[in-house]
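A.B. asks: In UniProt numbering, the protein residues as written are 1 to 262.
Don't be surprised by glycine CBs; every beta carbon is placed ideally from N, CA and C.
As the structure is a computational prediction, the values presented were derived from the model and not from experiment.
Before anything else, here's the structure in question.
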Ligand SMILES: C[S@@+](CC[C@H](N)C(=O)[O-])C[C@H]1O[C@@H](n2cnc3c(N)ncnc32)[C@H](O)[C@@H]1O
């Protein structure tokens, strides 16, 4: 995958931005009524904000997609954008400076998300509604998310993780003690997960995983998102989780592993 200023981009980028936009439309739409009723602000945390656009394209970057959607829906919000690459921070500041921001505040932090996220969390009110978006280019920092969501204060903040399933499996085949995608998700304190269908021609098996404690979260079939307790969602997750070797062993033995009984 080509990389510019630490931002990876590929032919998957447009489906990725489309998936993010769709999930934000759905989730912000639901949160709008709750935040209005309790007179609170929606919280958006972008742990890998990037420069505000996808390199070599006209596609908006994640903070801009969020701002446009939140403004369109008319929700009141605080957006916290974390980015470690200086050039990207400068570009994002220029970019966000050009946006009309009527309903919210946007804060940009330069630094490592592992260090900055706890600082941002200190500013968030107990019981806030919102979303953490984690889009790291490489293998996600699951530990960072596990730590954050162990805190009960963030029970209503959902998480959306961009996952290259193949990369996780490659690391696992080199370091056998490394955990599977499913094992990592199990340690994030969210009760319901939704996965996006894979593109068969994408060898990195890029997907989204959306975690929430909201039991009524729906499949979003038109955009390819399925609950992992649905038949389709379960199969996507199995496929993303297991290496070819593991799938073959499973088929042969008929044994049920943790992954298989999800
Ligand atoms: C795939 S790009 C993000 C793109 C962005 N989410 C978007 O959709 O436009 C990954 C970004 O994460 C940043 N990054 C990588 N590791 C980071 C870390 N530990 N802390 C903060 N930012 C990081 C990179 O500099 C890069 O800008």
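Could you tell me the alpha carbon to alpha carbon distance between residue 155 and residue 201, rounded to whole angstroms?
C.D. replies: Cα to Cα, the separation comes out at about 36 Å.
A.B. asks: From the DSSP output, read off the bridge partner residues of residue 162.
C.D. replies: Looking at the DSSP assignment, residue 162 forms a beta bridge with 208.
A.B. asks: DSSP beta-bridge partners for residue 227?
C.D. replies: The partner list for residue 227 (beta bridge, DSSP) reads 194.
A.B. asks: Between residue 178 and the rest of its own chain, which residues show a CB-CB distance below 6 Å, the 5 nearest in sequence each way excluded?
C.D. replies: Closer than 6 Å at Cβ, skipping near neighbours: 171 and 172.
A.B. asks: Answer yes or no: do residue 24 and residue 51 have a C-beta to C-beta separation smaller than 8 Å?
C.D. replies: No, these two residues do not count as a Cβ contact at 8 Å.
A.B. asks: Quick one: using the 10 Å Cβ neighbour count with 16 as the cut-off for buried, is residue 54 buried or exposed?
C.D. replies: Buried, since its Cβ has 16 or more Cβ neighbours within 10 Å.
A.B. asks: Would you be able to state if there are at least three C-beta pairs under 8 Å between the region 34–44 and the region 75–90?
C.D. replies: Yes, they touch.
A.B. asks: Could I get the ranges of all uninterrupted beta strand (DSSP E) runs contained in the region 48–82, with 3 residues as the minimum, in chain order?
C.D. replies: Entirely contained in the region 48–82, not one beta strand (DSSP E) run reaches 3 residues.
A.B. asks: Is residue 89 helix, strand or coil when you go by DSSP?
C.D. replies: Residue 89: helix per DSSP, three-state reduction.
A.B. asks: When the Cα atoms are used, what is the spatial distance from residue 235 to residue 195?
C.D. replies: Spanning the two alpha carbons is a distance of roughly 10 Å.
A.B. asks: With DSSP run on the structure shown, which of helix, strand or coil describes residue 4?
C.D. replies: Note: residue 4 maps to strand in three-state DSSP.
A.B. asks: So if DSSP puts residue 104 in a beta bridge, which residue, or which two residues, is it bridged to?
C.D. replies: The partner list for residue 104 (beta bridge, DSSP) reads 77.
A.B. asks: Between which residues of its own chain and residue 203 is the CB-CB distance below 7 Å, once the five residues before and five after are set aside?
C.D. replies: Within the same chain, residue 203 has close Cβ partners 166.
A.B. asks: Check whether chain C comes within 8 Å of residue 141, counting only Cβ atoms and requiring the distance to be less than that.
C.D. replies: Note that chain C does not occur in the displayed structure, where there is just one protein chain.
A.B. asks: Straight-line CA distance for residue 95 to residue 245?
C.D. replies: C-alpha separation (whole angstroms): 46 Å.
A.B. asks: State buried or exposed for residue 115, treating a residue as buried only when at least 16 other CB atoms are found within 10 Å of its CB.
C.D. replies: With fewer than 16 Cβ atoms within 10 Å of its Cβ, residue 115 is classed as exposed.
A.B. asks: Taking C-alpha atoms, which residue in 157, 2, 239 and 232 lies nearest to residue 134?
C.D. replies: Considering only alpha carbons, the answer is 157.
A.B. asks: Say yes only if the C-beta of residue 49 is nearer than 7 Å to one or more non-hydrogen atoms of ligand 1, and no if none qualify.
C.D. replies: Residue 49: yes, Cβ under 7 Å from ligand 1.
A.B. asks: With the cut-off set at 8 Å, would you say residue 210 and residue 145 are in Cβ contact?
C.D. replies: It is not a contact, given that the beta carbons lie outside the stated cut-off.
A.B. asks: For residue 112, which residues of its own chain have a beta-carbon under 7 Å away from its beta-carbon, when the five flanking residues on both sides are left out?
C.D. replies: Only 84 meet the Cβ criterion.
A.B. asks: Between residue 226 and residue 233, how many whole angstroms is the CB-CB distance? I'm expecting something under 8 Å.
C.D. replies: The pair is a contact, with the Cβ atoms about 3 Å apart (cut-off 8 Å).
A.B. asks: Just to confirm, does residue 19 get its C-beta within under 7 Å of one of the non-hydrogen atoms of ligand 1?
C.D. replies: False, no ligand heavy atom lies under 7 Å from that Cβ.
A.B. asks: Does residue 30 come out as helix, strand or coil in the three-state DSSP assignment?
C.D. replies: Helix, per DSSP.
A.B. asks: Determine the contact status of residue 149 and residue 19, defining contact as a CB-CB distance below 8 Å.
C.D. replies: It is not a contact, given that the beta carbons lie outside the stated cut-off.
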